[in-house]
Amino acid sequence: MALKRIMPCLLYDGKGLVKTIKFKSPSYVGDPINAIKIFNEKEVDELILIDINASKEKRKINIAKIADFAGECFMPFAYGGGVKTVSEFYELYKNGVEKVIVNSLVFENPAVIKEAVSKYGSQAVVVCLDFKKNLFGKKQVFSYNGHSVKYSPTDFV
-16 MALKRIMPCL LYDGKGLVKT IKFKSPSYVG DPINAIKIFN EKEVDELILI DINASKEKRK
44 INIAKIADFA GECFMPFAYG GGVKTVSEFY ELYKNGVEKV IVNSLVFENP AVIKEAVSKY
104 GSQAVVVCLD FKKNLFGKKQ VFSYNGHSVK YSPTDFV
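For what it's worth, our numbering labels the leading residue of the sequence shown as -16, then goes sequentially.
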């Protein structure tokens, strides 16, 4: 029997960690460094940090801040949010991120993802798809912080 892996996902808004209700109304819940230290003590298997507003705000990735977070982690560290170029993949890997998570980039420029996979390997690139059921029970893919895309999850994958 396979062991269960504990992989907490922290939502970051550029200033601190937040909790949302149905991905809306973010409420500040704490400092990422403190949360990372707690998860180090708990010996989680992997830590995921998603900057939920980076793409929407067209904000550049704060590599120095991400490097600080990665430097505190005693477990594999994955980051997602606002990644647009292969050079940003490189900067994240160089500064301690082991996996880069992309969402909107899948729809904007899939060639960048293919190039990153060929350079760094498929184990280092994660595609995250957001989906939910509509009123008729059909699953629908969303991107760009809640904008509908004309794919079902299975058709897209």
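Glycine is no exception: its CB is placed at the ideal position from the N, C-alpha and C atoms.
Worksheet entry | Minimum C-alpha distance to tyrosine 11 - residue among Asn23, Ile19, Lys(-2) and Phe22 | For this step, residue 11 is matched to residue 28 along the sequence shown. For tyrosine 11, the nearest C-alpha among the options comes from Lys(-2).
Practice prompt. Thinking leucine 30 and phenylalanine 22 are a contact (beta carbons under 8 Å), I'd like their distance in whole angstroms, please.
Written response: Residue mapping note: residue 30 aligns to position 47 of the sequence shown, counting from 1. Residue mapping note: residue 22 aligns to position 39 of the sequence shown, counting from 1. Right, the Cβ-Cβ distance comes to about 6 Å (below 8 Å), so this counts as a contact.
Worksheet item: Just to confirm, are leucine 88 and lysine 67 a CB contact at a threshold of 8 Å?
Response: Here residue 88 refers to the residue found at position 105 of the sequence shown. Here residue 67 refers to the residue found at position 84 of the sequence shown. Yes. Within cutoff.
Practice prompt. Output the distance between the C-alpha atoms of valine 109 and cysteine 56, rounded to the nearest integer angstrom.
Written response: Within the sequence shown, numbered from 1, the residue matching residue 109 stands at position 126. Within the sequence shown, numbered from 1, the residue matching residue 56 stands at position 73. Going by the C-alpha atoms only, they are around 19 Å apart.
Worksheet item: To which residues does DSSP link serine 10 through a beta bridge?
Response: As a first step, residue 10 is located in the sequence shown; it is residue number 27 there, counting from the start. Answer is Lys2, bridged to serine 10.
Discussion item. Please return the same chain residues whose Cβ sits closer than 8 Å to the Cβ of lysine 20, not counting the five positions on each side in sequence.
Written reply: Sequence index remark: in the sequence shown, residue 20 carries index 37 (1-based). Within the same chain, lysine 20 has close Cβ partners Glu55.
Item to complete: Flag this pair as touching only if the segment 89 to 97 and the segment 64 to 79 have three or more C-beta atom pairs under 8 Å; answer yes or no.
Response: yes
Worksheet item: Thinking C-alpha only, which one of Ser126, Val85 and Val1 is nearest alanine 107?
Response: Residue mapping note: residue 107 aligns to position 124 of the sequence shown, counting from 1. The shortest C-alpha separation from alanine 107 is found at Val85.
Worksheet item: Can you check whether the CB of asparagine 17 is closer than 8 Å to the CB of alanine 50?
Response: As a working note, residue 50 is residue 67 in the sequence shown. As a working note, residue 17 is residue 34 in the sequence shown. No, they are not a contact pair.
Worksheet item: So which of Leu118, Val80 and Cys(-8) has the shortest CA-CA distance to phenylalanine 52?
Response: As a working mapping, residue 52 is identified with position 69 in the sequence shown. Of Leu118, Val80 and Cys(-8), the residue nearest in Cα terms is Val80.
Worksheet entry | Host alpha helix (DSSP H) of leucine 75 (start-end) | Numbered from 1 along the sequence shown, position 92 holds the residue referred to as residue 75. Start and end: 69 to 77.
Worksheet item: Looking at glutamate 74 and isoleucine 46, is the spacing between their C-beta atoms short of 8 Å?
Response: Here residue 46 refers to the residue found at position 63 of the sequence shown. Here residue 74 refers to the residue found at position 91 of the sequence shown. Contact flag set, yes.
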